[in-house]
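Visitor: Below you'll find the structure I mean.
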Amino acid sequence: MVQDGTLLERKERRSRIMTTDRCERIMNNGFGLRKAILLLGAVIVASGSYSSAVNAADSGRQVKATAWKEGTAVSTDSNVSALSPGYVHRFANEPIMLTGVDRSYDVYYNVPKAELGGNHYLELDLSYSDLLLPSQSTLTVLVDNKPLKSVSLTKEEAKQRKVTIALGPDEAKPGFHKLTFAKHGVVSDDFCEDPDNPANWLQIARSSFVYIDSKATWTTADPLKEFPHPFIEPGTTDEVYGTIVVPDAPSPELLSSALELAARLSSLTAAKKPVPMMTESEWAKADGKSAHVIAMGSVGAWTGPVKKIVEENGVRAENEELALDYMSLEEAGKTGSKQMLLLSAAKDEAITEKLRVLTSPKLAEQLTGSHLVIRQTPAVADDGDEPKKLTLASFGSEHLLLNETKPESGKLNVGVPSYWKLTGESSLELKLKVSPLLMAEIGERTERKSTKKTKETGADRYGKYGLTVTVNGIPKTVSLQELTKTKHQGDTYTASIPLTNALQDKDGSGVLDITFTANIGHTEGPCIRDTNNGRWIFVDKASTFNVPHEMSKDSSFQHWPAPFVSGQGTDRTAILVPQQVNGTFLSQLSRLVGDLTSDTSRRIAVFREPLDDQALKQLKDYHVIVPGDLGQFPSLQKLRDKLLLPTDNDRLQLGKYNAINETTDYAAWIQRSVWNENRVMAVFQKVNVGGGEQGSFVHPNLLQYLKNAKKPGQVVIMNKAKAVFTAASPSDSKTSQDGEVSNPTEKAPGIPVWLMVLIPVLLVGLLIVFIRMRRKEKRDAGKQ
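Start counting the sequence shown at 5; every next residue gets the next number (our numbering).
Below, the structure written as structure tokens:
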């Protein structure tokens, strides 16, 4: 990676030459020296950077682009809305309930990157039992394990109490912070306090929040070091604050690169939000809220405002170079400025080859500066070649230390890749460590079996120690007493939690909600005072999920996005795009690709109409996704008869799938590829395109359904009420209608085999009895 130190010198030299020429022309035209001097004053050189005013479009936005000077701090808009003062983070999705004598609970809050004031605070809405003794009951708040404040729980405010706690500079540094609530509460003066007393409780309401006194700007001298900020900022309200701009006629290589970058940025957000995309001309005319911009394309591909920005700032990239340049964008009529990251190259292939400096975590963390020219990128091992290993850590969990004051973990959301076809028994293989004190007590119970009383007492006390793992509301407890009998390595024990039923639940979405609870509290009644110090259970974040699976190759949506995504990523997947694309199409394509690659880092090939013979030949090797109206794809016109859904005047006909055309909004189907029967293709289309909907082909609800429903079927539709369902195939409907004729045995099931065997046996038995009775009658008659 090479720092380009001459870029600004070229721009300044160019600006001086241009300004001199313009002044000479003005003076020669009779305007005079005074106006020439005024024109010179209109050229702004601030902090060594050069500004260029760009008319983005005759009827569009007026944009001024200012290149950043290397090493100089520049202020641009933060991602905190300037319309409201400060930043509010609500850390609880549901009320936090703390019961018992000593309980604690952890949550997290995020401080955005912005200039900060000094008025930060935490506001808690509390309610608690009015039986708590004020002299002994407290709530202590800690931030990053540092005690911040303790408050007494008075009876007068038990029903509703608002507590405000000031936060200092350490608690307001940008990034994530751990917030801990530690409650100590008693309801009597007795030494024998019952920890299970239901009257001992405290609740923190959902309305509680952290307030950060943030401003509307953010200052930095090293934007590449902070990438991907400000284009995305995980943990904040919207998370995505940037858009990707491409030339009006992007090449397939550039589209593939732009989609790869968009998918990478989306994967870094907590909600996996898609990154919008648009063309250069659309960005020039865009109205409404401004956004940070990533503009990517070869230097000669731009035709509008980005072209002027490139020319005015002297941006160049030669041979196989990739240039990364930061600009500040100021729009006429609007306050503040946004950041622009310009990715430039002589050819789009160079962007494709070197884009991994932004998409590879190992390379991106090495970036620095505001202007950079990449001439060569180091080889980085592709994570997609490694088998996917699911652990607690891979779903965001840290090591869990459970004790009496913090016996329960937060809820962990776990989802296995939707394209996995489960083939065997699944389980969570836990790696556990147990405190020596607990293990010693269990050992004492094993040794002291001399009397029945001791044995019963030991079983009552130590037999109740364990770890409860709750999966989707169903608990499974691992007894520590039984754990000691299993094989272990040193102080590390293993326990298996079955997951098969939860993963194969037809009413579920394949997502597991998992919580861990340690059962190591008081077990001998309230009058045995034991603080339980030194008793804990440790759950290692390296605990693994054992999920036997295979990659589905069926022409069905049941295991979407298989077979387009497999163990090798998306190497064999291509997207066919029309010749003309717009922002609606590109943004929905960004969402679709982000959904496809959420579990893999591979790139997806792009083919753009019209296709030549070589492209058609290459397309045969891929699984193909076709997004958009079929009339935009000339390569499909001669193959219409091979499509699963028929068309009439370029409109889909869904009647044979029991769907009403007039109420259907979107449709998707999957079938064998029309170019190669050994491959699969999927089509996404809007059935009835209205005004302002050009380019639309898929809805988020439909994609969510495909990923979660796991229903077999080739056709999925969404109606105008946004209800999504799998359409029945014509063969299914015919079987249902003709069932009485074609398969009468289903109407009248056959005689069971056991009954067919039993009837002859009974008949033979009855015959034997009848013969014996007849013989007896004859003997009796002869004697008489």
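Don't be surprised by glycine CBs; every beta carbon is placed ideally from N, CA and C.
(1) Quick one: what's got a C-beta closer than 6 angstroms to E353's C-beta in the same chain, skipping five residues either side?
(2) Below 6 angstroms CB to CB, which residues in the same chain sit around K410 once its five sequence neighbours on both sides are set aside?
(3) Put N505 into one of helix, strand or coil per three-state DSSP.
(4) Which residue marks the beginning of the alpha helix (DSSP H) containing F589, and which one marks its end?
(5) Need the endpoints of the alpha helix (DSSP H) that R360 sits in, please.
(6) Have a look at the DSSP bridge pairing and note the partners of Y113.
(7) Can you find the residues in the same chain that come closer than 6 angstroms, C-beta to C-beta, to G470, ignoring five residues on each side of it along the sequence?
(8) Do N550 and S430 count as a contact pair if the criterion is CB distance below 8 angstroms?
(9) Under 8 angstroms, do A506 and S260 count as touching if we go by C-beta distance?
(10) So the alpha helix (DSSP H) K229 belongs to, where does it begin and stop?
(11) Closest by CA to Y423, which one among V250, L600, V438?
(12) Buried or exposed for L771, going by 16 or more other Cβ atoms inside 10 Å?
(13) Please report the residue range of the beta strand (DSSP E) in which Y125 lies.
(14) Counting along the chain, where does the alpha helix (DSSP H) carrying P309 start and finish?
(15) Can the beta-carbon of L432 be found less than 8 angstroms from the beta-carbon of F542?
(16) So what does DSSP say about L171, is it helix, strand or coil?
(17) How would you call R776, buried or exposed, if buried means at least 16 neighbouring beta carbons within 10 angstroms?
(18) According to DSSP, simplified to helix, strand and coil, what is D616?
(19) Per DSSP, which residues does L484 bridge with? Please list them.
(20) Within 10 angstroms of its Cβ, does D669 collect 16 or more other Cβ (buried), or is it exposed?
(21) How many angstroms separate the CA atom of V84 from the CA atom of Y91?
(22) Check for me: the beta strand (DSSP E) holding Q641 runs from which residue to which?
(23) Excluding the five sequence neighbours on either side, which residues of its own chain have a C-beta within less than 8 angstroms of the C-beta of D252, listed in chain order?
(24) Determine which residues share a DSSP beta bridge with A578 and list them.
(25) Contact between the segment 368-385 and the segment 64-83: three or more CB pairs below 8 angstroms?
(26) Report the residue from V585, W564, T651 whose alpha carbon sits nearest the alpha carbon of Q708.
(27) Write down every uninterrupted run of the beta strand (DSSP E) in the segment 248-299 whose length is 3 residues or greater and which is fully enclosed by it, in chain order.
(28) Run the CB neighbour count on H403, radius 10 Å, all protein chains shown included, and call it buried at 16 or more, exposed below.
(29) Going straight from the alpha carbon of L328 to that of R379, what length do you get?
(30) So, do the segment 150-168 and the segment 236-254 have three or more beta carbon pairs nearer to each other than 8 angstroms?
(31) Just verifying my parser: in three-state terms, what is the DSSP assignment at V728?
(32) Assuming L656 and V702 are in contact, meaning their beta carbons sit under 8 angstroms apart, how far apart are those beta carbons, in whole angstroms?
(33) What residue does the beta strand (DSSP E) around T330 start on, and which one ends it?
(34) Taking the Cβ atom as the reference point for each residue, do D126 and P138 lie within a distance shorter than 8 angstroms?
(35) Any beta carbon from chain D within less than 8 angstroms of K68's own beta carbon?
(36) If we count the other Cβ atoms within 10 Å of its Cβ and call it buried at 16 or more, is E243 buried or exposed?
Guide: Quick look at the numbers:
(1) Mapped onto the sequence shown, residue 353 falls at position 349. Excluding sequence neighbours, E353 sits near E257.
(2) Counted from its first residue, the sequence shown places residue 410 at position 406. Excluding sequence neighbours, K410 sits near S108.
(3) Mapped onto the sequence shown, residue 505 falls at position 501. Here N505 sits in helix by DSSP.
(4) If you number the sequence shown from 1, residue 589 lands on position 585. Where F589 is concerned, the enclosing alpha helix (DSSP H) stretches over 587-600.
(5) Here residue 360 is taken as the residue at index 356 of the sequence shown, counted from 1. Run containing R360: 360-363, per the alpha helix (DSSP H) assignment.
(6) For the purposes of this step, residue 113 is identified with residue 109 of the sequence shown, where counting begins at 1. According to DSSP, Y113 bridges with H181.
(7) One-based indexing of the sequence shown puts residue 470 at position 466. Contacts found: T481, V482, S483, L484, N523.
(8) Indexing the sequence shown from 1 puts residue 430 at position 426. Indexing the sequence shown from 1 puts residue 550 at position 546. Yes.
(9) Along the sequence shown, read from residue 1 onward, the residue named residue 506 stands at position 502. Along the sequence shown, read from residue 1 onward, the residue named residue 260 stands at position 256. Contact: no.
(10) Residue mapping note: residue 229 aligns to position 225 of the sequence shown, counting from 1. Unbroken alpha helix (DSSP H) run through K229: 227-230.
(11) The sequence position of residue 423 within the sequence shown is 419, counting from 1. Closest option to Y423, Cα to Cα, is L600.
(12) Working through the sequence shown from its first residue, we reach residue 771 at position 767. L771 comes out exposed.
(13) Mapped onto the sequence shown, residue 125 falls at position 121. According to the DSSP assignment, Y125 belongs to the beta strand (DSSP E) that extends over 124-132.
(14) Along the sequence shown, one-based indexing puts residue 309 at 305. Taken as a continuous stretch (DSSP letters only), the alpha helix (DSSP H) holding P309 covers 309-316.
(15) Numbered from 1 along the sequence shown, position 428 holds the residue referred to as residue 432. Numbered from 1 along the sequence shown, position 538 holds the residue referred to as residue 542. Taking C-beta atoms as the reference points, L432 and F542 fail to come closer than 8 angstroms.
(16) Walking along the sequence shown from the start, residue 171 turns up at place 167. Correct three-state label for L171: strand.
(17) Taking the first residue of the sequence shown as 1, we reach residue 776 at position 772. Classification for R776: exposed.
(18) As a first step, residue 616 is located in the sequence shown; it is residue number 612 there, counting from the start. D616 falls in the coil class under three-state DSSP.
(19) Sequence index remark: in the sequence shown, residue 484 carries index 480 (1-based). Note: L484 sits in no beta bridge, so no partner.
(20) Indexing the sequence shown from 1 puts residue 669 at position 665. With 16 or more Cβ atoms within 10 Å of its Cβ, D669 is classed as buried.
(21) To locate residue 84, count along the sequence shown from 1; it is residue 80. To locate residue 91, count along the sequence shown from 1; it is residue 87. If I take the Cα positions, the gap works out to 7 angstroms.
(22) Within the sequence shown, the letter at position 637 stands for residue 641. Where Q641 is concerned, there is no enclosing beta strand (DSSP E), although the alpha helix (DSSP H) it sits in stretches over 638-641.
(23) Start at 1 with the first residue of the sequence shown, and residue 252 comes out as number 248. Closer than 8 angstroms at the Cβ level, and outside the excluded window around D252, lie T283, E284, S285, T307, G308.
(24) Along the sequence shown, one-based indexing puts residue 578 at 574. For A578, which the question treats as bridged, DSSP gives the partners A609, V628.
(25) Yes: at least three Cβ pairs fall under 8 angstroms.
(26) Numbered from its first residue, the sequence shown carries residue 708 at position 704. Residue W564 is the option with its Cα nearest to Q708.
(27) 281-283
(28) Along the sequence shown, read from residue 1 onward, the residue named residue 403 stands at position 399. Under this definition H403 is an exposed residue.
(29) Counting from one through the sequence shown, the residue named residue 328 turns up at place 324. Counting from one through the sequence shown, the residue named residue 379 turns up at place 375. The straight-line gap from Cα to Cα measures roughly 11 angstroms.
(30) no
(31) Here residue 728 corresponds to residue number 724 of the sequence shown, with the count starting at 1. In this structure, V728 counts as strand in the three-state DSSP scheme.
(32) Position 652 of the sequence shown holds residue 656. Position 698 of the sequence shown holds residue 702. About 14 angstroms; that fails the 8 angstroms criterion.
(33) Your numbering for residue 330 matches position 326 in the sequence shown. The question names Thr, but residue 330 in the sequence shown is Tyr. 326-335 is the span of the beta strand (DSSP E), which, as asked, contains Y330.
(34) Taking the first residue of the sequence shown as position 1, residue 126 is located at position 122. Taking the first residue of the sequence shown as position 1, residue 138 is located at position 134. The residue asked about is misnamed: residue 126 is Leu in this sequence, not Asp. Not closer than 8 angstroms, so no.
(35) Checking the listed chains, one finds no chain D in this structure; it contains a single protein chain.
(36) The residue labelled residue 243 in the question sits at position 239 within the sequence shown. Label assigned to E243: buried.
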